[in-house]
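Engineer: Can you read through this structure? Questions will come right after.
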Amino acid sequence: MQFDEIIKDTNYSDSNKPNLLDYKKQYENFDWYRDAFSKLDWLPDGGLNNAYECVDRHVKNGFGDKLALVWLGKNGEEENYTYKDFKDQSDKFGQVMINLGMEKGDRVFIFMDRLPELYFAAMGILKAGGVIAPLFSAFGPDPVKDRMLDAGAAYLVTSPDLRKKISPIIKDIKTLKEIIVVNKDNRFEDPLVDNDLDYEALMKDVNAESFKLVNTSQYDFSIMHYTSGSTGKPKGVLHRHQAVVQQMLTGHWALELSHGDIYFCTADPGWVTGTSYGMIAPWTNGVTQIIYEGGFSASSWYEIIQKYKVDVWYTAPTAIRLLMRSGEEVVNRYDLTSLKFIGSVGEPLNPEAVVWGERNYKLPIHDNWWQTETGAIMCANYSSTNIKPGSMGRPFPGITMGILDDQYNEIENEDSGILAVRPGWPSQMFAYWKQDDMHNSRFKKGWYITGDQASRDKEGYFWFQGRADDVINTAGHLVGPFEVESALIEHPAVAEAGVIGKPDPIAMEIVKAFVTLNPDYEQTDELRRELIRFSREKLSAGVAPREIDFLETMPKTRSGKIMRRLLKARELGEPEGDISTLEDD
Ligand code: AMP
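What follows is the structure, given as structure tokens:
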């Protein structure tokens, strides 16, 4: 069946009313159990499973013929999968994993582009009790190795090109039992290396009917995402099946997703937005999701919205700024009137973007705030409430947010301070993988400390002010300076490296590195290019520095820590602040 035929039967959206009708009243009377937990089906014996709620229950409830996934390949392909197809494919992959000996809680890394098989695998792993750990396909060998080693990866699902890219590090992952390779439409010759397993062959050997969903509880682990801090390597943020409760309801109330809607989320599953709102929220809400394999392109995105009559579009500020740059004239070539809601997350959304959206899409862009650790939207501009351009909106019902001073006491006025949340929300991270001290350090005086600075106005709207740490936000992607510094100093020319975020009009920040050189190396443009190339290969183009400056000496504290704050102040021509701990030259 073609998309058009299916869509005619299955467009259930019949209400023009916002899903969250009365913010104030619903915030005040909210009850997680009545308003959210009870809206899911749950497993017959009281368990909870994300994939069951996303896929199986819609088939059980008579929506099996409804379209769950429309895949648009980068070579112009289109594939349509109903919820029944999705159930069969994910059941089969669940059976594959059971046959391979996967046990409850095993970490399964998924390192591939946005192919339908990525989603079948993810749902299958969840149904079979595994924990999915998706990675950006742009990553080079180093970030993949760090993450798989840290998590004790048991399985890897990947594609032939990416498998080959990381071949040199595979032998270091001693916990790895099997590599499953998806060679979509035989795109690659010689897809398998060593003892790799072929996805298609494995899927042929199993049937969906014989699969029995593993009984997971709401407290079992489901998804792990790596996120960067200012020190140390990225940390594995561990989530539990319980998170689905908040992802489902925020999808419905904060993103306006309803049964039968057509939804387009531009986030990759390597980032938490690509799992919470690129898998769980949309499918628990019974929508038809468009998965586009390609990257940013104004005309392709508009074409998708026009052709598939997208109702809800969730994207990010860097993309919106790029769309603004591509111009109004491009927008005007397309009919985007199907859109009923546009959401944005990941970085501050500048007020001009909200206004531009209103003029060009005839809809405001709704900013919302959350992070990997929170697992779901915490604060949002809702469809039914006034947008204050530049603000992240107000806390989601059931969520209490506060602004704290440096002693972790709540500030009642409009001053800026530490953005904090009262713990206990359903999608709260359970742990940083094997880093209990780090996890515990995020909780102070009964608050979860987000790592952001913000303020709250008299009407309860929150305004982002900046990060409280050195973490860089480039195009919505958090980059830990330590990870980049570690890669740079692996180059024989580099003695020391300090990395900062440099403000940028499109990407918000770009990664900029300062390096001192070992004796016998000269500060040349050629070396600069070589270092950029070196770190791109190791990390990825998005994480590697875009600019590198050579220094004679690195500013450090007397205890030997690189003073990134000082590097940044000097770069921006700002006052150097307190430099009493600066090491003498
Ligand atoms: P991540 O965990 O990678 O999703 O990044 C979360 C961080 O991105 C937050 O702690 C903020 O620093 C930033 N962020 C996310 N959403 C927003 C927003 N709406 N406005 C400003 N910053 C945001």
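Sequential numbering from 68 applies to the sequence shown in my numbering.
We treat Cβ as the ideally placed atom computed from N, Cα and C, and that holds for glycine.
Remember, predicted model here, so these are calculated numbers, not experimental data.
I'd like the span of the beta strand (DSSP E) that includes glycine 410, first residue to last.
Structural biologist: Looking at the DSSP string, the run of the beta strand (DSSP E) that includes glycine 410 is 408-411.
Engineer: Our contact map puts glutamate 395 next to asparagine 427 with C-beta atoms below 8 angstroms; I'd like the distance itself, whole angstroms only.
Structural biologist: Indeed they touch by this definition, with Cβ atoms about 6 angstroms apart.
Engineer: Going by DSSP, what residue range makes up the beta strand (DSSP E) through threonine 149?
Structural biologist: Where threonine 149 is concerned, the enclosing beta strand (DSSP E) stretches over 145-149.
Engineer: According to DSSP, simplified to helix, strand and coil, what is alanine 188?
Structural biologist: Alanine 188 falls in the helix class under three-state DSSP.
Engineer: Tell me the residue span of the alpha helix (DSSP H) that contains lysine 605.
Structural biologist: Its alpha helix (DSSP H) spans residues 592-605.
Engineer: Name the two residues that bound the continuous alpha helix (DSSP H) containing arginine 307.
Structural biologist: No alpha helix (DSSP H) holds arginine 307; the beta strand (DSSP E) holding it covers 302-307.
Engineer: Return the CA-CA distance between asparagine 282 and alanine 118, expressed in angstroms with no decimal places.
Structural biologist: Approximately 12 angstroms between the Cα atoms of the pair.
Engineer: When you compare the CB positions of glutamine 285 and glutamine 314, do they come within less than 7 angstroms of one another, or not?
Structural biologist: In this structure, glutamine 314 does not lie closer than 7 angstroms to glutamine 285 by Cβ.
Engineer: From tyrosine 90 to threonine 452, what does the alpha carbon distance come to, in whole angstroms?
Structural biologist: Cα to Cα, tyrosine 90 sits roughly 7 angstroms from threonine 452.
Engineer: Leucine 280: buried (16+ other C-beta within 10 angstroms of its C-beta) or exposed?
Structural biologist: Burial call: buried.
Engineer: From Tyr515, Trp350, Gly410 and Ala542, pick the residue whose C-alpha is nearest to that of isoleucine 466; which is it?
Structural biologist: Measuring from the Cα of isoleucine 466, the nearest candidate turns out to be Tyr515.
Engineer: Are there 16 or more other CB atoms within 10 angstroms of the CB of isoleucine 454, so buried, or fewer, so exposed?
Structural biologist: Isoleucine 454 is buried by the Cβ-count criterion.
Engineer: List the endpoints of the continuous alpha helix (DSSP H) containing lysine 212.
Structural biologist: Residues 208-218.
Engineer: In terms of DSSP beta bridges, what is proline 570 paired with?
Structural biologist: Glu576.
Engineer: Determine the DSSP secondary structure at valine 538, reduced to helix, strand or coil.
Structural biologist: Valine 538: coil per DSSP, three-state reduction.
Engineer: For arginine 637 and phenylalanine 581, what's the separation of their Cα atoms in angstroms?
Structural biologist: Distance between the alpha carbons of arginine 637 and phenylalanine 581: 11 angstroms.
Engineer: Tell me whether valine 236 sits in a helix, a strand or coil according to DSSP, three-state version.
Structural biologist: The sequence given here has isoleucine at residue 236, not valine. DSSP places isoleucine 236 in helix when its eight states are reduced to three.
Engineer: So which of Glu477, Ala498, Gly513 and Tyr499 has the shortest CA-CA distance to arginine 489?
Structural biologist: When only C-alpha atoms are compared, the closest one is Gly513.
Engineer: With DSSP as the reference, label proline 462 as helix, strand or coil.
Structural biologist: DSSP places proline 462 in strand when its eight states are reduced to three.
Engineer: What residue does the alpha helix (DSSP H) around glutamine 314 start on, and which one ends it?
Structural biologist: Element bounds for glutamine 314: 311-320.
Engineer: May I ask you to verify whether the region 598-610 touches the region 628-642, counting CB pairs closer than 8 angstroms and requiring at least 3?
Structural biologist: Too few Cβ pairs lie closer than 8 angstroms, so no.
Engineer: Count the other C-beta atoms from every protein chain shown that fall within 10 angstroms of the C-beta of leucine 639, then say buried if there are 16 or more, exposed otherwise.
Structural biologist: Label assigned to leucine 639: exposed.
Engineer: On a CA-only basis, which of Leu202, Ala420, Asp402 and Glu184 is nearest alanine 383? Give me that one, please.
Structural biologist: Comparing Cα positions, the closest option is Ala420.
Engineer: Return the chain-ordered list of same chain residues with a C-beta closer than 8 angstroms to the C-beta of aspartate 239, the five sequence neighbours on each side being excluded.
Structural biologist: If we look at aspartate 239 and ignore the five residues flanking it on each side, its Cβ neighbours are Lys212 and Leu216.
Engineer: Within the same chain, show all residues whose beta-carbon is closer than 6 angstroms to that of methionine 68, passing over the 5 residues directly before and after it, in chain order.
Structural biologist: Confidence at methionine 68 is low in this model, with a pLDDT of 48, below 50, so its placement is unreliable and the value that follows should be read with caution. Nothing meets the Cβ criterion.
Engineer: For the region 407-493, list the beta strand (DSSP E) runs that are entirely contained and at least 3 residues long, ordered along the chain.
Structural biologist: Here the runs fully enclosed are 408-411, 432-436, 468-471 and 484-488.
Engineer: I'd like to check one pair, glutamate 481 with aspartate 537: are the Cβ atoms closer than 7 angstroms?
Structural biologist: Not in contact: aspartate 537 and glutamate 481 (Cβ atoms no closer than 7 angstroms).
Engineer: Quick one: does the C-beta of valine 339 sit closer than 6 angstroms to a heavy atom of the ligand AMP?
Structural biologist: Answer for valine 339: yes, Cβ within range of the ligand AMP.
Engineer: Here's the rule I'm using: 16 or more other beta-carbon atoms within 10 Å means buried, otherwise exposed. How should proline 493 be labelled?
Structural biologist: Buried.
Engineer: Closest to glutamate 650 by C-alpha separation, out of Val354, Asp587 and Lys623, would be which residue?
Structural biologist: Nearest C-alpha to glutamate 650: Lys623.
Engineer: For the ligand AMP, I want to know if valine 412 counts as a neighbour, meaning its beta carbon is within less than 6 angstroms of at least one of the ligand's heavy atoms.
Structural biologist: True, at least one ligand heavy atom lies under 6 angstroms from that Cβ.
Engineer: Considering only their Cβ atoms, is the gap separating glutamate 552 from alanine 535 smaller than 7 angstroms?
Structural biologist: No; because the gap between Cβ atoms is not below 7 angstroms, this pair is not in contact.
Engineer: Using only the alpha-carbon positions, how far apart do proline 570 and isoleucine 577 sit?
Structural biologist: Going from the Cα of proline 570 to the Cα of isoleucine 577 covers about 6 angstroms.
Engineer: Are there any heavy atoms of the ligand AMP lying less than 6 angstroms away from the beta-carbon of threonine 591, as far as the coordinates show?
Structural biologist: Not so, every heavy atom of the ligand AMP lies at least 6 angstroms from the Cβ.
Engineer: Can at least three beta-carbon pairs, one atom from the region 320-334 and one from the region 289-301, be found at a separation below 8 angstroms?
Structural biologist: No: the two stretches stay apart, fewer than three of their Cβ pairs being nearer than 8 angstroms.
Engineer: DSSP has valine 379 in a bridge; who is on the other side?
Structural biologist: Valine 379 pairs with Tyr330 and Phe408.
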